[in-house]
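Q: Numbering (my numbering), first residue to last: 8 to 535.
In this text, a Cβ means the ideal position worked out from N, Cα and C, and glycines have one as well.
Bear in mind that the values here come from a model prediction, so they are computed numbers and not experimental data.
Quick one: this structure, given as structure tokens, is what I'll be asking you about.
What follows is the structure, encoded as structure tokens:
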């Protein structure tokens, strides 16, 4: 192995240490930079309450860490609240399940995302007074027999679902005779299931039902009378702003909400319905989709490739060091044997923990847990790189260890017989072969990382799949959007596979290499 490789290895580890140092010092910088801001968490994909768009049109607000903008009823209410607090709105785009931990860990100051103040949620966070009085409905296909339902009891044998972690899903038990399907993560997923016939309907709110009906002529929402509709309490369906326990701004926020009359709230909702992104396209659907949402998908692709590339490279360096450490020979000295045993045990724990738990759990624990337990406010991109790197390192360390042990033991013995030290044996003889043997598996890890970055939306990372969910939730062209995204993923993985195959061939060397040829002998000797 050439010396400059090890120089790059040390440089890479130094950069990793610098990144860790920067992330550890983030709280003070963030506190200074975000003073005077009102950080609001939302999905930015639940029109007409909130959505993502490419420009600042119609009073949209820039999404933190992105060149996209958020708009909708929730955004306009957030602007009013922030003005009353004397602050500036900052929208933090986060998946639905990531909103509560983002609030409790201090990543955001409030949740304004169409959330109801249910008793379960009140156990962990607090809520302001109502900012929108909601009403439940059921969205079905227009050609379905359930489209003529007049009561929630007219859905016998219907397959019904709702969004995960919402009162909507709990309300399904009021519908007698229905088949309660598993809850889904978001509304785009439910719309896809409804259009494909996997479900017969999903419980939603009237504004979302209006949006679904206007966007897709094949869908409709049902209008129930008070007598025949869902029986709900205000805290179950009315929407409120989620804040941390004992938030000092609660009184100011409630005072501002009290100043907004019902007429103005209705106007804001009507305006949001009118301003939401168009779901109709003219001409070729592919061209129309790329023209309207191409920049968003391109940024998501760039983020996916950036995180997976850096995570794989750093993970390879970590795995290489761990793999070497776990294959060092047993020292003769008793004390050194003990230190080696402890070190191997710690490395084994690291490998088992990060190979035995899902990356989405690791992301939530590291990003939110660091803020809650140690008050370390990590940047989301730094956190994503850290998570992917250490996760990849755990897998690659075993790959490298297997590559090292696969080299014939006779080569170790021959190197030692020539007077080589263990370090010289590893760098000059063993590692070049081990890395070459391990390269296909490392390539596979790179490809897996490209696909697994989709789970990082839980910590607000807008990678390719999260961007695709946003697009599909706004244009209602689920098949078309996911087909394009599948093509992007395939292009990335295919290109990477071919590039690494070229690297493998380069490391194999020439196939016509003659073992009998050396510097002093250029012709194959002839036996007389």
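According to DSSP, simplified to helix, strand and coil, what is residue 230?
A: Here the question's residue 230 lines up with position 223 in the chain shown. For residue 230, the three-state secondary structure derived from DSSP is coil.
Q: Can you tell which of 249, 57, 141 and 272 has its C-alpha closest to the C-alpha of residue 239?
A: Indexing the chain shown from 1 puts residue 239 at position 232. Of the candidates 249, 57, 141 and 272, the one whose C-alpha sits nearest the C-alpha of residue 239 is 141.
Q: Check the C-beta distance from residue 125 over to residue 243 and give it rounded, since I have them as a contact under 8 Å.
A: The residue given as residue 125 occupies position 118 in the chain shown. The residue given as residue 243 occupies position 236 in the chain shown. Going by Cβ atoms, the distance from residue 125 to residue 243 rounds to 6 Å, so yes, they are a contact pair.
Q: What three-state label does DSSP hand residue 212 in the structure shown?
A: As a first step, residue 212 is located in the chain shown; it is residue number 205 there, counting from the start. Of the three classes helix, strand and coil, the one that applies to residue 212 here is strand, per DSSP.
Q: Does the structure place the region 341-353 close enough to the region 415-425 that three or more beta carbon pairs sit under 8 Å?
A: no
Q: Assuming residue 121 contacts residue 53 (C-beta within less than 8 Å), just tell me the rounded distance between them.
A: As a first step, residue 121 is located in the chain shown; it is residue number 114 there, counting from the start. As a first step, residue 53 is located in the chain shown; it is residue number 46 there, counting from the start. Confirmed, Cβ separation roughly 6 Å.
Q: Does the region 378-397 come close enough to the region 304-318 to have 3 or more Cβ pairs within less than 8 Å?
A: yes
Q: So, helix, strand or coil for residue 276, using DSSP?
A: Sequence index remark: in the chain shown, residue 276 carries index 269 (1-based). Three-state DSSP puts residue 276 in a helix.
Q: To the nearest angstrom, how far is it from the Cα of residue 368 to the Cα of residue 428?
A: If you number the chain shown from 1, residue 368 lands on position 361. If you number the chain shown from 1, residue 428 lands on position 421. If you take the alpha carbons of residue 368 and residue 428, they lie about 42 Å apart.
Q: Looking at residue 187 and residue 167, is the spacing between their C-beta atoms short of 8 Å?
A: By 1-based counting over the chain shown, the position of residue 167 is 160. By 1-based counting over the chain shown, the position of residue 187 is 180. Taking 8 Å as the Cβ cut-off, residue 167 and residue 187 qualify as a contacting pair.
Q: How would you write the range of the alpha helix (DSSP H) that residue 475 sits in, first residue to last?
A: Here residue 475 is taken as the residue at index 468 of the chain shown, counted from 1. In the DSSP assignment, residue 475 falls within the unbroken alpha helix (DSSP H) covering 471-482.
Q: Counting pairs of beta carbons, one from the region 443-461 and one from the region 265-272, are three or more of them closer than 8 Å?
A: no
Q: Looking at the secondary structure, which residues open and close the alpha helix (DSSP H) in which residue 45 lies?
A: In the chain shown, residue 45 corresponds to position 38, counting from 1. Counting along the chain, residue 45 falls outside any alpha helix (DSSP H), though it belongs to the beta strand (DSSP E) covering 44-49.
Q: In angstroms with no decimal places, state the Cα-to-Cα distance between residue 202 and residue 351.
A: Along the chain shown, one-based indexing puts residue 202 at 195. Along the chain shown, one-based indexing puts residue 351 at 344. Cα to Cα, the separation comes out at about 53 Å.
Q: To the nearest angstrom, how far is the alpha carbon of residue 132 from that of residue 307?
A: Here residue 132 is taken as the residue at index 125 of the chain shown, counted from 1. Here residue 307 is taken as the residue at index 300 of the chain shown, counted from 1. Approximately 31 Å between the Cα atoms of the pair.
Q: So if DSSP puts residue 133 in a beta bridge, which residue, or which two residues, is it bridged to?
A: Locating residue 133 in the chain shown gives position 126, counting from the first residue. 250, per the DSSP bridge assignment.
Q: Anyone know if the C-beta pair for residue 193 and residue 405 falls short of 8 Å?
A: Working through the chain shown from its first residue, we reach residue 193 at position 186. Working through the chain shown from its first residue, we reach residue 405 at position 398. Contact: no.
Q: Could you give the residue range of the beta strand (DSSP E) that holds residue 347?
A: For the purposes of this step, residue 347 is identified with residue 340 of the chain shown, where counting begins at 1. No beta strand (DSSP E) contains residue 347, which is instead part of the alpha helix (DSSP H) from 341-363.
Q: So what does DSSP say about residue 299, is it helix, strand or coil?
A: The residue given as residue 299 occupies position 292 in the chain shown. Helix at residue 299.
Q: Can the beta-carbon of residue 260 be found closer than 8 Å to that of residue 88?
A: Position 253 of the chain shown, counted from the first residue, corresponds to residue 260. Position 81 of the chain shown, counted from the first residue, corresponds to residue 88. A contact, by the Cβ cut-off of 8 Å.
Q: In angstroms with no decimal places, state the Cα-to-Cα distance between residue 363 and residue 397.
A: Residue mapping note: residue 363 aligns to position 356 of the chain shown, counting from 1. Residue mapping note: residue 397 aligns to position 390 of the chain shown, counting from 1. Within the model, the alpha-carbon separation for residue 363 versus residue 397 is close to 13 Å.
Q: Quick one: is residue 150 buried, meaning 16 or more other Cβ sit within 10 Å of its Cβ, or exposed?
A: Within the chain shown, numbered from 1, the residue matching residue 150 stands at position 143. Exposed, by the Cβ-count rule.
Q: Going by C-alpha to C-alpha distance, which of 461, 452, 468 and 281 sits closest to residue 507?
A: Here residue 507 refers to the residue found at position 500 of the chain shown. The residue with the shortest Cα to Cα distance from residue 507 is 452.
Q: State the DSSP-derived secondary structure class of residue 59, mapped to helix, strand or coil.
A: As a working note, residue 59 is residue 52 in the chain shown. DSSP places residue 59 in strand when its eight states are reduced to three.
Q: Taking only runs that begin and end inside the region 422-472, name each unbroken alpha helix (DSSP H) of 4 or more residues, in chain order.
A: 429-432 and 438-459
Q: How many whole angstroms separate the CB atoms of residue 68 and residue 96, which I take to be in contact at a CB cut-off of 8 Å?
A: Here residue 68 refers to the residue found at position 61 when the chain shown is read from its first residue. Here residue 96 refers to the residue found at position 89 when the chain shown is read from its first residue. Confirmed, Cβ separation roughly 5 Å.
Q: Could you tell me which of 199, 457, 302 and 226 sits nearest to residue 486, measuring between CA atoms?
A: Here residue 486 refers to the residue found at position 479 of the chain shown. With distances taken between Cα atoms, residue 486 lies closest to 199.
Q: Is the beta carbon of residue 101 less than 8 Å from the beta carbon of residue 48?
A: Translated into the one-based positions of the chain shown, residue 101 becomes position 94. Translated into the one-based positions of the chain shown, residue 48 becomes position 41. Against a cut-off of 8 Å, the Cβ pair of residue 48 and residue 101 comes out as a contact.
Q: I need the boundaries of the alpha helix (DSSP H) containing residue 370, first residue and last residue.
A: The residue labelled residue 370 in the question sits at position 363 within the chain shown. 366-381 is the span of the alpha helix (DSSP H), which, as asked, contains residue 370.
Q: Going along the chain, which residues of its own chain have a beta-carbon closer than 7 Å to the beta-carbon of residue 411, five neighbours each way excluded?
A: Taking the first residue of the chain shown as 1, we reach residue 411 at position 404. Cβ within range, chain order: 330, 334, 437 and 441.
Q: Going along the chain, which residues of its own chain have a beta-carbon closer than 7 Å to the beta-carbon of residue 456, five neighbours each way excluded?
A: Taking the chain shown and counting its residues from 1, one reaches residue 456 at position 449. Result list for residue 456: 315, 318, 319, 395 and 399, in chain order.
Q: From the DSSP output, in three-state form, read off residue 100 for me.
A: On the chain shown, residue 100 is found 93 positions in, with the first residue counted as 1. Strand.
Q: Do residue 210 and residue 178 have their CB atoms nearer than 8 Å?
A: Locating residue 210 in the chain shown gives position 203, where the first residue counts as 1. Locating residue 178 in the chain shown gives position 171, where the first residue counts as 1. Yes, they are a contact pair.
Q: Provide the residue(s) that pair with residue 182 in DSSP beta bridges, ordered along the chain.
A: Here residue 182 refers to the residue found at position 175 when the chain shown is read from its first residue. Residue 182 pairs with nothing; no bridge assigned.
Q: Can you say whether residue 513 is buried or exposed, counting buried as having 16 or more other CB atoms within 10 angstroms of its CB?
A: Here the question's residue 513 lines up with position 506 in the chain shown. Residue 513 should be labelled exposed.
Q: With a CB to CB cut of under 6 Å and the five nearest residues on each side skipped, what residues in its chain are close to residue 461?
A: Mapped onto the chain shown, residue 461 falls at position 454. Excluding residues within five positions, the ones whose Cβ falls inside 6 Å are 472.
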